[in-house]
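Step one of this worksheet: look at the structure below.
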Amino acid sequence: MECSGTDGSAASERETGARKRRLNERRLDDTIYIRIPLTKMFGNKAISTEKETNLFYVMLFNKEKNHAEWVYEILNKKTLPFYYEKPKFKDDQKDPDFQNPEKRNPDYDRGHLAAAANHKWCEEAYKDTYLMSNITPQNKNLNRGAWKQLEIYCRDKIFNSNVCNVHVYTGPLYLKKEEKSGEENFCMLHSSEIDYEDGKALPTHYFKVLIVEDEDGTVSDLECFWISNNKEQKYKPLDIEEIERLSGLMFIDNSPKLTEDVIILNDLETI
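Residue numbers (full-length UniProt numbering): 1 to 271.
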């Protein structure tokens, strides 16, 4: 199966033109908007980040942490049935030590944010998930257990007959416990409190946010999960407001302005 990128031939230009004509036929109030998560700024220190758009997923890369703050993917029925040989991890000049096995902690795997198995439909897409910018140090038991099961849960959503696309956000969290009003709560770690493994910030937790887009253009309720970066074998539901608080990201916007921070789903090239 051939991959289609953002740069195109005459054929892709014709497809783009046809897509724009279809868009013009839609009523404005039928348009679905999905927020590219904005990072809320804490204090006066700017976060050293850059948004990167690969052919098949989007990420916000954090230069200080040396991996993505979030990754955004689209899954649909055309992204499943093809399988390629597992590629090697690839240097995208984000991790100078990635080829040095002596510096790796054996307790941690190279855990994918954009799941490799989500992109086996296309060899190029599959290989792109092995870029080191998409990798975090992840507990090996988690990576091979509950995290894998959560990735499968996301993919299984697209088998529902009425589902068109499943939009998946994935990212790391850096949290500590605090006592508040007699209850145990979590809050964000200060940057000085974050541990590092293999030259990358070590997440304490991860999150996934799922948005299911149906064939009729409607969007189902959000599904949000989080899980500890340890051998724990359960992922748990969490309110989107809590994920926003703990990640410093903003997902929800009832009246988004049409800027580069908004994806218009009806204007998005699907696979």
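Every residue, glycine too, gets a C-beta built ideally from N, C-alpha and C. Just so we're clear, the structure is a prediction, and the values are computed from it rather than from any experiment.
Residue 229 is a Cβ neighbour of residue 142, given a cutoff of 8 Å.
The Cβ-Cβ distance between residue 138 and residue 169 does not fall below 8 Å. When rounded, the separation of the alpha-carbon atoms in residue 69 and residue 191 is 14 Å. Measuring C-alpha to C-alpha distances from residue 110 to each of 119, 233, 126, 131 identifies 131 as the nearest. Taking 8 Å as the cut-off, the beta carbon of residue 112 is found no closer than this to the beta carbon of residue 201. Around the CB of residue 198, 16 or more other CB atoms lie within 10 Å, so the residue is classed as buried. Residue 72 and residue 178 have their C-alpha atoms roughly 30 Å apart. Within its own chain, the residues whose Cβ lies closer than 6 Å to the Cβ of residue 61, once the five positions on either side in sequence are excluded, are 50, 52, 68, 133, listed in chain order. The C-beta of residue 171 has 16 or more other C-beta atoms within 10 Å across all chains shown, which makes the residue buried. Distances from the CA of residue 213 to each of 77, 54, 175 were compared; the closest alpha carbon is that of 77.
Taken atom to atom, the span from the alpha-carbon of residue 37 to that of residue 105 is near 31 Å. Shortest Cα-Cα distance from residue 123 to any of 145, 48, 56, 158 involves 56. Burial of residue 211 is indicated by the presence of at least 16 other C-beta atoms within 10 angstroms of its C-beta. Under the three-state reduction of DSSP output, residue 238 falls in the coil class, being neither helix nor strand.
For residue 69, no alpha helix (DSSP H) encloses it; the enclosing beta strand (DSSP E) starts and ends at 67 to 75. By alpha-carbon distance to residue 208, the top candidate from 128, 184, 251 is 251.
Taking residue 166 as reference, the option from 176, 174, 155, 173 with the minimal CA-CA separation is 155.
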